[in-house]
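**Student:**
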Amino acid sequence: MKRYLAVDIGGTYIKFGIVDEGATILKMDKTKTPETLDGLLDLVVDLYHKNQDVAGVAISCPGAVSDTGIIYGSSALSYLHGPNIKRLIRDRIDLPIFMENDANCAGYAEVWKGKAQGKKDAIVVVIGTGIGGALIKNGLVHKGANLHGGEFGYMVIPTGSGVDYDTWSATGATGALVKNVANLKHMNEKELTGEAVFEMANDGDVDCKQAIDQFHQYLALGIYNLQYIYDPEIILIGGGISARNDLIDHINAKLDDILNRLKASKIKPVIDTCEFGQYANMLGAVYGFINWWNLAGSSASVIK
1 MKRYLAVDIG GTYIKFGIVD EGATILKMDK TKTPETLDGL LDLVVDLYHK
51 NQDVAGVAIS CPGAVSDTGI IYGSSALSYL HGPNIKRLIR DRIDLPIFME
101 NDANCAGYAE VWKGKAQGKK DAIVVVIGTG IGGALIKNGL VHKGANLHGG
151 EFGYMVIPTG SGVDYDTWSA TGATGALVKN VANLKHMNEK ELTGEAVFEM
201 ANDGDVDCKQ AIDQFHQYLA LGIYNLQYIY DPEIILIGGG ISARNDLIDH
251 INAKLDDILN RLKASKIKPV IDTCEFGQYA NMLGAVYGFI NWWNLAGSSA
301 SVIK
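For the sequence shown, UniProt numbering assigns the number 1 to the initial residue and increments by one for each residue that follows.
What follows is the structure, given as structure tokens:
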């Protein structure tokens, strides 16, 4: 059974490990993300030298990842954007290299062994500081003309205040919830976390309860829109917030209210949480590698 070196590049940590073609994680570890591109390249090369019995390297990373290896857009790791990262790694490692956006990798993990397995059309929404995700069409990630497929956070949501609308990331992300509560409490948002907001609400804090209720409302509005834009079989929610056992119930209640108000709307989105947590990007990167290699053929260029 083939094995792959999986590398998940994050803004703070890099997770890495060996994953086989049956989706078993044989080993896994993490290290602090290097501060420079040279440091990142040295790390990947070092991981390869320690794990040479692999068929390829599968990499999950932030940004709009092109097939050529250039990562467009922006992220917390500015050095990723501009150079051809795939080629730089390939110059140092004589193996096929696959790279994909981290949210798309999370989507692939769900298609491979998660709750989107066997489904043709699905959406994965990853909620954190902002909102991203993946569009799944016929079991494959749809990246779009500008590599922005799945960038749901840019979707416009009505707010009913000021300009009357804002992006979904600015209203429905966990980061938006924290910012809202920090403003209400006259706190520094850097000193507040999403977990703390929910704990304060559990202790009876009215401001936090109202902010969470609004947070669920904005999530429901975005999910409703996605359902009628794309009509997926299922919408899966990932990110740290998905660990809350009551999240789906609260969003479903808000969706029921929306559907009751909009009598012409008859389709209620089927929603659930993602199957995988911290391992999703590694698994999805390997599945993306396997698909890419099978479609391209073993004689295809390892750069393209």
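From the three backbone atoms N, C-alpha and C, an ideal C-beta is built for every residue, glycine too.
#1: Does the Cβ of VAL181 have 16 or more other Cβ atoms within 10 Å, making it buried, or fewer, making it exposed?
#2: I need the DSSP call for CYS61, collapsed to helix, strand or coil.
#3: If we call anything under 8 Å between Cβ atoms a contact, is TRP168 one with GLY239?
#4: Excluding five sequence neighbours on each side, which residues of the same chain lie with their C-beta closer than 8 Å to the C-beta of THR36?
#5: Kindly confirm or deny that the segment 62-78 and the segment 19-29 touch, where touching means at least three C-beta pairs closer than 8 Å.
#6: For ILE237, which option in THR12, ALA103, THR31 and GLU21 has the closest C-alpha, if you only look at C-alpha atoms?
#7: So is MET282 buried or exposed if we call it buried at 16+ other beta carbons inside 10 Å?
#8: Kindly indicate which three-state DSSP category LYS304 falls into: helix, strand or coil?
#9: Quick one: what's got a C-beta closer than 6 Å to ALA300's C-beta in the same chain, skipping five residues either side?
#10: Less than 8 Å separating the beta-carbons of THR174 and ASP166?
#11: Are there 16 or more other CB atoms within 10 angstroms of the CB of VAL286, so buried, or fewer, so exposed?
#12: Just checking my contact of GLY132 with GLY150 at CB under 8 Å: how many whole Å lie between their CB atoms?
#13: Is THR174 helix, strand or coil by DSSP?
#14: In the DSSP assignment, find the beta strand (DSSP E) that holds GLY288 and state where it starts and stops.
#15: Identify the residues that DSSP records as bridge partners of TYR165: which are they?
#16: How close, in whole Å, do the beta carbons of residue 311 and GLY10 come, if the pair is a contact with beta carbons under 8 Å?
#17: Go ahead and label LYS304 buried or exposed: buried means 16 or more other beta carbons lie within 10 angstroms of its beta carbon, across all protein chains shown.
#18: Just confirm the distance between the C-beta atoms of GLY107 and VAL124, as a whole number of angstroms; I'd bet it's less than 8 Å.
#19: Give the straight-line distance between the Cα atoms of ALA220 and ILE251, rounded to the nearest whole angstrom.
#20: By a C-beta neighbour count over all protein chains shown, 10 Å radius and 16 as the cutoff for buried, is ASN101 buried or exposed?
#21: Need the endpoints of the alpha helix (DSSP H) that residue 306 sits in, please.
#22: Just to check my reading of the structure: PHE289 and PHE152 have Cβ atoms closer than 8 Å, yes? What is that Cβ distance to the nearest angstrom?
#23: Cα separation between ALA211 and ALA176?
#24: Between the C-alpha atoms of GLY17 and ALA6, what's the straight-line distance to the nearest angstrom?
#25: From ASP121 to MET187, what does the alpha carbon distance come to, in whole angstroms?
#26: Leaving out five residues before and five after ILE14 in sequence, what residues of the same chain have Cβ atoms less than 6 Å from its Cβ?
#27: Give me the Cα-Cα distance between ILE85 and VAL126, rounded to the nearest whole angstrom.
**Tutor:** Taking the geometry as given:
#1: buried
#2: strand
#3: no
#4: By the criterion of a C-beta distance shorter than 8 Å, THR36 is surrounded in its chain by TYR79, once the five residues flanking it on both sides are discounted.
#5: At 8 Å Cβ cutoff, the stretches do not touch.
#6: It is ALA103.
#7: By the 10 Å Cβ count, MET282 comes out buried.
#8: For LYS304, the predicted structure reports a pLDDT of 43, less than 50, and the residue's modelled location is therefore unreliable. A value from the coordinates is still provided. In this structure, LYS304 counts as coil in the three-state DSSP scheme.
#9: The pLDDT assigned to ALA300 is 48, lower than 50, so where the model puts this residue is not dependable; a value taken from the coordinates is nonetheless given after this. Within its own chain, no residue has a Cβ closer than 6 Å to the Cβ of ALA300 once the five positions on either side in sequence are excluded.
#10: no
#11: buried
#12: 6 Å
#13: Of the three classes helix, strand and coil, the one that applies to THR174 here is helix, per DSSP.
#14: It is not in any beta strand (DSSP E) - GLY288 instead sits in the alpha helix (DSSP H) that spans 280-296.
#15: PRO158
#16: Not covered by the structure: residue 311. The range shown for the chain is 1 to 304.
#17: Low confidence applies to LYS304: its pLDDT is 43, below 50, so where it sits in the model is not reliable enough to give any reading.
#18: 4 Å
#19: Cα-Cα distance, rounded: 6 Å.
#20: buried
#21: Only positions 1 to 304 of the chain appear in the structure, and residue 306 is not among them; the question remains open.
#22: Not a contact, Cβ separation roughly 25 Å.
#23: 10 Å
#24: 5 Å
#25: 42 Å
#26: Same-chain partners within the cutoff: THR31 and THR33.
#27: 24 Å
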